[in-house]
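Shown next, in structure tokens, is the structure this report addresses.
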Amino acid sequence: MNQFRKKHLISILEEFSKTDAPLDVFIANYFRANKSIGSKDRLFLGDAVYGIIRWQGFLDFFLESPISWQARVAAYFSLDPPNYAQSDRLPAHIRVSFPKNYYELIVQGLGEQQAQQFCLACNFPAPVTVRTNLLKIKREELLKCWKDLYHVSPTPVSPFGVQFHRKCNFYALDEFRQGYFEVQDEASQLIADMIDAKPGDQVLDFCAGAGGKTLAFAHKLAGRGQIYLHDIRAKALAEAKKRLARAGVQNAQILSHDNKKKNSLKSKMDWVLVDAPCSGSGTLRRNPDRKWKFTFEELHRLVDLQRAIFREAIEFVKPGGTIVYATCSILSQENDEQLAYFLREFGVKTLSSPFRSFPIRNGMDGFFGIILQKPL
């Protein structure tokens, strides 16, 4: 590693440790502020930062206090963390580089063997997957456009996905500017597909964020009916508005949380999606910094928040209508235990078996989803 890369690598790690920003956002902002960093260096630095954050607990085990980022960088490039995964000489949570309390919680839910598989999968990059926008193009056509240019393949489960086997600057592609696809994990695509809306339906994406799941099911309405995107984050909804325009979705409205129109929509929705804020345990490959910030207090806060959101969201479902609850988590506290609570408290009934996905190397992220019907 040359001095230029080493300087920026340590600078990124030191500056990031002083902020609360998500890692991907911080790195993107750092590169924008340091335009002298070329594309190859950005690729190297991004991979190294993510690798060091993922394996931070393992690295720290071998280092003496006080631990510096310089020492972690040196250890990362001199050790080979994955080779220690089967070593009985190290504590189990150190072998998979997880906080002890978080690792023990995962073991409690999954058992020792599956917990180790999960934690190890979280320490490797997630696959790069995009979703075809069926309002504009078929997946077969998109694959045909790319087959001689990129190493791509159709996703094995989602009928809309395409997996890139090498990194690519998607946002510079003409197909992206034309709205032919969006970057979206395969499991996230499958969660969105649980919204089985038909033309003319009224649909509310209650925790819409930047609209990723709305964009994935919008084609089902064929431009008829209405989709409402609701969130408490104004910036996310502003981004959703841009994405809807690029994708050609014309039957969608942005609904801010303080919009007076909300009350008039109660008991009117055929479908409501609650893609709830959660621990993100199923997406730790993409957000490795979150595992080092885990606390039981935060998990309990999220469980209470999920229940409060569901309680508000179900008011918008018409009698006999359908609500989908989803998380990007593998924790039972946010999934099965919440499902039991919803069945008990709201009299809903299940219309499907729970959807579950589990992170594995080169596979989709970890998600949970369940389709529920509101009583008549």
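Numbering (the numbering used here) for the sequence shown: 355 to 730.
Heads up, the beta-carbon is just placed ideally off N, CA and C, and yes, glycines get one too.
Note that this is a predicted model, so its numbers are computed, not measured.
Backbone CA spacing between residue i and residue j [nearest angstrom]
| i | j | result |
| --- | --- | --- |
| P508 | N617 | 42 angstroms |
| F452 | E529 | 39 angstroms |
| H611 | T486 | 30 angstroms |
| W423 | I407 | 10 angstroms |
| D539 | V482 | 7 angstroms |
| G634 | L527 | 29 angstroms |
| N523 | G566 | 19 angstroms |
| V626 | V557 | 6 angstroms |
| Y456 | C473 | 10 angstroms |
| C476 | A662 | 29 angstroms |
| S390 | H505 | 29 angstroms |
| I608 | A570 | 16 angstroms |
| D559 | A375 | 25 angstroms |
| E652 | Y430 | 30 angstroms |
| F696 | L726 | 9 angstroms |
| S686 | G463 | 7 angstroms |
| K414 | I491 | Strictly speaking, residue 414 in this sequence is Asp, with Lys absent from that position. Rounded to whole angstroms, D414 to I491 spans 49 angstroms at the Cα level. |
| D434 | G465 | 26 angstroms |
Rounded Cβ spacing between residue i and residue j (contact assumed at less than 8 angstroms)
| i | j | result |
| --- | --- | --- |
| A562 | L583 | 4 angstroms |
| N649 | A606 | What sits at residue 649 in the sequence shown is Thr, not Asn. T649 to A606, Cβ: 37 angstroms. No contact. |
| I381 | V403 | 6 angstroms |
| L623 | V671 | The question names Leu, but residue 623 is Met in the sequence shown. Rounded, the Cβ-Cβ distance is 5 angstroms, consistent with contact. |
| V484 | V537 | 5 angstroms |
| S512 | Q543 | 4 angstroms |
| R493 | F514 | 6 angstroms |
Residues near residue i by beta carbon distance below 6 angstroms, same chain, minus five either side
| i | result |
| --- | --- |
| A694 | none |
| K614 | none |
| F712 | G720 |
| H519 | H505 |
Spatial neighbours of residue i in its chain, beta-carbon cut-off 8 angstroms, leaving aside the 5 residues before and after
| i | result |
| --- | --- |
| P708 | N689, D690, L693, F722, G723, I724 |
| I364 | W423, Q424, V427 |
Residue from the options whose Cα sits closest to the Cα of residue i
| i | options | result |
| --- | --- | --- |
| Q706 | A680, E699, D719, Q687 | Just to set this straight, residue 706 is Ser in the shown sequence, not Gln. For S706, the nearest C-alpha among the options comes from A680. |
| Q410 | D719, S371, A469, K394 | S371 |
| M718 | Y457, T637, Q440 | T637 |
| L367 | Y384, Q357, S635 | Y384 |
| K620 | I407, A429, K574, I668 | I668 |
| A551 | R531, Q580, L527, A564 | Q580 |
| F664 | C632, Y504, R644, K647 | C632 |
| D378 | E418, P479, Q440, L685 | P479 |
| F535 | A601, I549, A439, A541 | A601 |
| K521 | N356, S393, Q470, K574 | S393 |
| L489 | S441, F696, E666, A576 | A576 |
| G400 | K645, N641, L730 | N641 |
| S432 | F416, R443, S441 | F416 |
| L659 | K645, Q357, C682, A630 | A630 |
| D395 | Q470, F358, D547 | F358 |
| D643 | N388, G405, P510 | G405 |
Neighbourhood of residue i by C-beta, 7 angstroms cutoff - its chain only, sequence neighbours within 5 removed
| i | result |
| --- | --- |
| A564 | A590, E593, A594, R597 |
| C682 | C632, G634, G636, T637, D719, G720, F721 |
| P553 | L575, A576, R578, G579 |
Alpha helix (DSSP H) runs wholly inside the region 440-505, at least 4 long, in chain order: 446-449, 454-464, 466-475, 493-500
3 or more residues per run - each beta strand (DSSP E) lying fully within the region 500-553: Those beta strand (DSSP E) runs which fall completely within the region 500-553 and span 3+ residues are 506-508, 515-518, 535-537.
Whole beta strand (DSSP E) elements within the region 613-649, 3-residue minimum: Qualifying beta strand (DSSP E) stretches, in chain order: 623-629.
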